[in-house]
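Take a look at the structure set out below.
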Amino acid sequence: MPELPEVETVRNGLAPVMDGNRIKTVQLNRPDLRFPFPENFADRLSGAKVHKTARRAKYLLFHLDTGETLLCHLGMSGSFLALKTGEAVPPDRNTKHDHVLFKMSDDAMLIYNDPRRFGFMDLFATDDMDKSKFLKNLGAEPTGNEISATKLLQQLSTRKGPIKSALLDQRIIAGLGNIYVCEILFRTGVHPAMPACDLTPKQIEDMVDHTRNIIREAIISGGSSLKDFTNADGDLGYFQHSFDVYGRNDQPCRKPGCGHIIERIVQSGRSSFYCPDCQKQRLKKVSA
DNA sequence: CAAAGCTCCTGACCGC
DNA sequence: TGCGGTCAGGAGCTTT
-14 MPELPEVETV RNGLAPVMDG NRIKTVQLNR PDLRFPFPEN FADRLSGAKV HKTARRAKYL
46 LFHLDTGETL LCHLGMSGSF LALKTGEAVP PDRNTKHDHV LFKMSDDAML IYNDPRRFGF
106 MDLFATDDMD KSKFLKNLGA EPTGNEISAT KLLQQLSTRK GPIKSALLDQ RIIAGLGNIY
166 VCEILFRTGV HPAMPACDLT PKQIEDMVDH TRNIIREAII SGGSSLKDFT NADGDLGYFQ
226 HSFDVYGRND QPCRKPGCGH IIERIVQSGR SSFYCPDCQK QRLKKVSA
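Residues in the first sequence are numbered consecutively from -14, following our numbering.
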């Protein structure tokens, strides 16, 4: 499923196709995805020139010369197929879930496909972007210096729930999903069930460093898979990336000399993967 | 506030 | 081969 690094990779792939290009027409193949499309969606986009393709958290943003911004969330299974000028839809393509077609003025085309329809799109005045319900409560980007240990320490101090849930909360750090949170906790050596307020300042400092590094590495990894995009089928979906714990339950920990078996637990209905040795659950003190 | 539960959806997977 | 059941999961919304 696309998380921030995947969305950034998609942005990197779409920007050269979209920036400076004009949307000629938009074909909607259904009235909704997860939510209904905005009023007059196709009309408001038709004729608009894409000024800049951007990203905030897991949201793709297309700033238009009409004064509006198109927001896209890929949900769990959304992907874009970019067809260059003169390029036809591949004959073997399953078009069943092609929900939106953006036909560009240079005859390039962008196809949004989403089998599970957890994705959605919105369109609002760029000046009112900060008022968007999707954007207004987002926390810091985990990519650079925006996240700080000081701020995080303060934010986590009031959270008695598991650190896993806190890191998934987009109001704290914006863009982390289940996979990268598992990886961050592994690298930090913190058990996913640890109460967020119990992390030490040192652990939080480490966690911030690991977050930056893991996200950066994943974006680089996505970037290297981007050449497949330009060479081959143009599918800007997900890319393969190797993980230390995510999806590796019942397999040995990769930390040199460890080899303990990765475990899976369910927290708030979501899978958490961790190494019981590298990420020890703090022992509860039993009062005698 | 925090936190937990609900909801949306379909492909993949499993057991029979 | 087909069928029913289960699972995955982002994030807004509702409820406690």
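Ideal placement from N, C-alpha and C gives every residue a C-beta, glycine not left out. Small disclaimer: the values here were computed from a predicted structure and weren't measured.
Collapsed DSSP secondary structure at residue i in the structure displayed
i, result
"Lys34", "strand"
"Leu(-11)", "helix"
"His58", "strand"
"Arg41", "strand"
"Ala217", "Caution is warranted here: a pLDDT of 32 is assigned to Ala217, below 50, making its placement in the model unreliable, and the coordinate value is therefore given only provisionally. Looking at Ala217 - three-state DSSP - the assignment turns out to be coil, as it is neither helix nor strand."
"Gln139", "helix"
"Ala151", "helix"
"Ile205", "helix"
"Asp91", "coil"
"Val74", "coil"
"Phe20", "coil"
"Arg102", "coil"
"Leu211", "Because Leu211 sits at a pLDDT of 46, beneath the cut-off of 50, its placement in the model cannot be relied upon, and the point is left open."
"Ile250", "strand"
"Arg239", "coil"
"Asp50", "coil"
"Arg281", "In the structure displayed, the chain extends from -14 to 273; residue 281 sits before or after that span and is not available."
Chain-order list of residues whose beta-carbon lies under 7 Å from that of residue i (same chain, five-residue window excluded)
i, result
"His36", "His48, Leu49, Asp50"
"Arg144", "Ala151, Ala181, Cys182"
"Arg78", "none"
"Pro261", "His245, Glu248"
Residues bridged to residue i [DSSP beta-bridge criterion]
i, result
"Leu86", "Gln12, Ile96"
"Arg144", "Partner(s): none; Arg144 has no beta bridge."
"Met3", "DSSP lists no partner for Met3."
"Tyr231", "None; Tyr231 has no bridge partner."
"Ile158", "Ala125"
"Asp107", "Leu56"
"Phe258", "Arg249"
"Ala67", "Leu95"
Residue i versus the options, residue with shortest Cα-Cα distance
i, options, result
"Pro275", "Lys116, Cys260, Lys43", "Look at the range of the chain in this structure, -14 to 273, and you will see that residue 275 is not part of it."
"Met192", "Lys81, Ile148, Met(-14)", "Ile148"
"Arg275", "Val85, Val166, Ser227, Asp113", "A question about residue 275 goes unanswered here, because the residues of the chain that appear run from -14 up to 273."
"Asp229", "Ser90, Gln140, Tyr259", "Tyr259"
"Leu30", "Ser90, His58, Ser253", "Ser90"
"Leu59", "Lys69, Phe20, Phe105", "Phe105"
"Val251", "Leu141, Cys167, His195, Pro186", "Cys167"
"Gly5", "Lys34, Gly160, Leu18", "Lys34"
"Asp154", "Arg78, Ser253, Ile8", "Ser253"
"Leu68", "Thr80, His82, Lys88, Lys81", "Lys88"
"Leu141", "Lys9, Met179, Phe65", "Met179"
"Asn130", "Thr80, Glu(-9), Arg201", "Arg201"
Same chain, Cβ closer than 6 Å to residue i, five either side skipped, listed in chain order
i, result
"Ala0", "Thr38"
"Ser133", "none"
"Asn122", "Arg156"
"Ser62", "Asp99, Pro100, Arg101"
"Leu(-11)", "Lys43, Gly160"
"Asp83", "Ile96, Asn98"
Same chain, Cβ closer than 8 Å to residue i, five either side skipped, listed in chain order
i, result
"Gly71", "Asp92"
"Ala110", "Gly52, Glu53, Thr54"
"Asp115", "Lys121"
"Arg(-4)", "Thr38, Ala39, Arg40, Leu45"
"Val175", "Ile148, Leu184, Gln188, Met192, Gln264"
"Ser117", "Leu56, Asp107, Phe109"
"Arg267", "His176, Met179, Asp183"
Contact test: residue i Cβ vs the ligand PLP heavy atom, cutoff 7 Å
i, result
"Gly129", "This structure lacks the ligand PLP, and indeed carries no ligand of any kind."
Counting only runs that start and end within the segment 169 to 201, where is the beta strand (DSSP E) found for 3 or more residues in a row? none
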